[in-house]
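J.: Start counting at 1 in the sequence shown, then tack on 309, and there's your number in this note's numbering.
The beta carbon of each residue, even a glycine, is placed where N, CA and C say it ideally should be.
Small disclaimer: the values here were computed from a predicted structure and weren't measured.
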Amino acid sequence: MVVKSFSDFGKPAKKLLSDDFVVGKKAEVKTTTTDAVNFTATGIESEKDGAISGSLSWKYKVYGNSFTTKITTANALSNEVVSEKLGVKGLKNTLNISLGSSGHSASTKLEYKHDMVAATVLADLTNQTVTDSVAFGYKTFNFGGAATFEIASKSVSQYGLGASLVHQDSELALTTAEKFNKFKLAFGHTISPKYEVAAEATYNREKKSVSMATGIKYTGDGATVKAKTDNLGTVSLAYIAKIDKSTK
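(1) Grouping DSSP H, G and I as helix and E and B as strand, with all else coil, what is Phe452?
(2) Going by the beta-carbon positions, is the gap between Ser407 and Ala385 smaller than 9 Å?
(3) Taking Ser501 as the reference, which of Thr511, Gly469, Tyr512 and Ser479 has the closest Cα?
(4) Secondary structure at Asp317, three-state DSSP: helix, strand or coil?
(5) From Ser518 to Lys370, what distance separates their C-alpha atoms?
(6) Is there contact between the region 338 to 348 and the region 517 to 532, where contact requires at least three CB pairs shorter than 8 Å?
(7) Assign Ser362 to one of two classes, buried (16 or more other C-beta atoms within 10 Å of its C-beta) or exposed (fewer than that).
(8) What is the residue span of the beta strand (DSSP E) that Glu420 lies within?
(9) Given a cut-off of 9 Å on the beta-carbon distance, is the pair Val570 and Gly446 in contact?
(10) Would you mind reading off the limits of the beta strand (DSSP E) that contains Ile525?
(11) In chain order, what residues of the same chain have a beta carbon less than 6 Å from the beta carbon of Gly399, not counting five sequence neighbours either side?
(12) Between Gly471 and Lys488, is the Cβ-Cβ spacing less than 9 Å?
(13) Can the beta-carbon of Glu354 be found less than 9 Å from the beta-carbon of Lys334?
(14) Nearest CA to the CA of Lys516: which residue from Val430, Phe458, Thr417 and Asn490?
(15) Indicate the three-state DSSP secondary structure (helix, strand or coil) for Lys394 in the structure shown.
(16) Tell me the DSSP bridge mates of Asn374?
(17) Report the residue from Thr438, Thr351 and Glu389 whose alpha carbon sits nearest the alpha carbon of Lys368.
(18) Within the region 327 to 352, note down every full beta strand (DSSP E) run reaching 3 residues or more, in order along the chain.
(19) Apply the 10 Å Cβ neighbour rule to Phe450 and answer buried if 16 or more other Cβ atoms are within range, or exposed otherwise.
(20) Suppose only complete runs of 4+ residues qualify. What are the alpha helix (DSSP H) ranges in the region 436 to 507, listed by chain order?
(21) Could you have a look at Lys401 and say whether DSSP puts it in helix, strand or coil?
(22) Please classify Ala510: does DSSP put it in a helix, a strand, or coil?
(23) For a test of your reading of the model: does the CB of Ser473 fall under 8 Å from any non-hydrogen atom of the ligand NAD? Yes or no.
(24) What did DSSP end up calling Ala432 once you bin it into helix, strand or coil?
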């Protein structure tokens, strides 16, 4: 089994409990053209003030490189370029550039993944930070860590460690973040092709507080239904309908 990147520790649970849920009202349409161009249109109505925002993105490939362009109603334009044909097996580079009325940003991320090691270097050119991570794996066990270095102050601003136990249909992960001030235990399990469950528990050492969330996902022939609840008693639902083979 190939080792997981440190940022992917607990990813199955995170995706089930985070993706497709939004505060307010959200409508999203995804479609794929015959020449493999993916379009995504999103509209969100804010629960706070009723303001409506939207975005349109399209993803396509050119000579093996993946391009994603996105425009938003906030006058922002972003481009992401993912290059995997760099001459070294397991090496990938991701370049992100964003332009907008509220500011500009740029970052580049280099990833390397082999059978027993996965490493990343993320350079945020706007905030002048470099985040490094490394993970090692043996059979079903992964162990790794990450740290962020502030170039201007020449100091380490964030760091954390984690471990992950991965099986074919489940993962149990324990990670730390924010200089060991946050501890998260995450569990994700694919019960069958139609049912998935997940749970997360986060302990904030500084605030001495615990937050928890559990969720379930059902994937049918033409639709996907997700539900989650947390320790505050909040219940969230998400419904994704598949219109045809290329649109949902």
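T.: Short version:
(1) If you number the sequence shown from 1, residue 452 lands on position 143. Phe452 falls in the strand class under three-state DSSP.
(2) Locating residue 407 in the sequence shown gives position 98, where the first residue counts as 1. Locating residue 385 in the sequence shown gives position 76, where the first residue counts as 1. Against a cut-off of 9 Å, the Cβ pair of Ala385 and Ser407 comes out as a contact.
(3) As a working mapping, residue 501 is identified with position 192 in the sequence shown. Per the Cα distances, Ser479.
(4) If you number the sequence shown from 1, residue 317 lands on position 8. Three-state DSSP puts Asp317 in a helix.
(5) Numbered from 1 along the sequence shown, position 209 holds the residue referred to as residue 518. Numbered from 1 along the sequence shown, position 61 holds the residue referred to as residue 370. The straight-line gap from Cα to Cα measures roughly 45 Å.
(6) Here the region 338 to 348 does not lie against the region 517 to 532, with fewer than 3 beta-carbon pairs under 8 Å apart.
(7) Here residue 362 is taken as the residue at index 53 of the sequence shown, counted from 1. With fewer than 16 Cβ atoms within 10 Å of its Cβ, Ser362 is classed as exposed.
(8) Here residue 420 is taken as the residue at index 111 of the sequence shown, counted from 1. Segment Ser414 to Lys422, the beta strand (DSSP E) holding Glu420.
(9) A query on residue 570 cannot be resolved here, the shown segment of the chain reaching from 310 to 557 and no further.
(10) Residue numbering aside, residue 525 sits at position 216 when the sequence shown is read from its first letter. Run containing Ile525: Ser518 to Thr528, per the beta strand (DSSP E) assignment.
(11) One-based indexing of the sequence shown puts residue 399 at position 90. The beta carbon of Gly399 sits closer than 6 Å to those of Tyr421, Lys422 and His423, all from its chain and outside the five residues before and after it, given in chain order.
(12) Walking along the sequence shown from the start, residue 471 turns up at place 162. Walking along the sequence shown from the start, residue 488 turns up at place 179. Cβ atoms of Gly471 and Lys488: not closer than 9 Å.
(13) Here residue 354 is taken as the residue at index 45 of the sequence shown, counted from 1. Here residue 334 is taken as the residue at index 25 of the sequence shown, counted from 1. In contact: Glu354 and Lys334 (Cβ atoms closer than 9 Å).
(14) As a working mapping, residue 516 is identified with position 207 in the sequence shown. The candidate whose alpha carbon is nearest that of Lys516 is Asn490.
(15) Taking the first residue of the sequence shown as 1, we reach residue 394 at position 85. Coil.
(16) Along the sequence shown, read from residue 1 onward, the residue named residue 374 stands at position 65. Bridge pairing for Asn374: Val371 [DSSP].
(17) Indexing the sequence shown from 1 puts residue 368 at position 59. For Lys368, the nearest C-alpha among the options comes from Glu389.
(18) Whole beta strand (DSSP E) segments, 3+ residues: 334 to 341.
(19) Counting from 1 along the sequence shown, the entry for residue 450 is found at position 141. Around the C-beta of Phe450, fewer than 16 other C-beta atoms lie within 10 Å, and the residue is accordingly described as exposed.
(20) Fully enclosed alpha helix (DSSP H) runs of 4 or longer: not present.
(21) If you number the sequence shown from 1, residue 401 lands on position 92. If DSSP states are grouped into helix, strand and coil, Lys401 belongs with the strands.
(22) Residue numbering aside, residue 510 sits at position 201 when the sequence shown is read from its first letter. Here Ala510 sits in strand by DSSP.
(23) Within the structure as shown, the ligand NAD is missing, as the structure has no ligands at all.
(24) The residue labelled residue 432 in the question sits at position 123 within the sequence shown. The DSSP-derived three-state label of Ala432 is strand.
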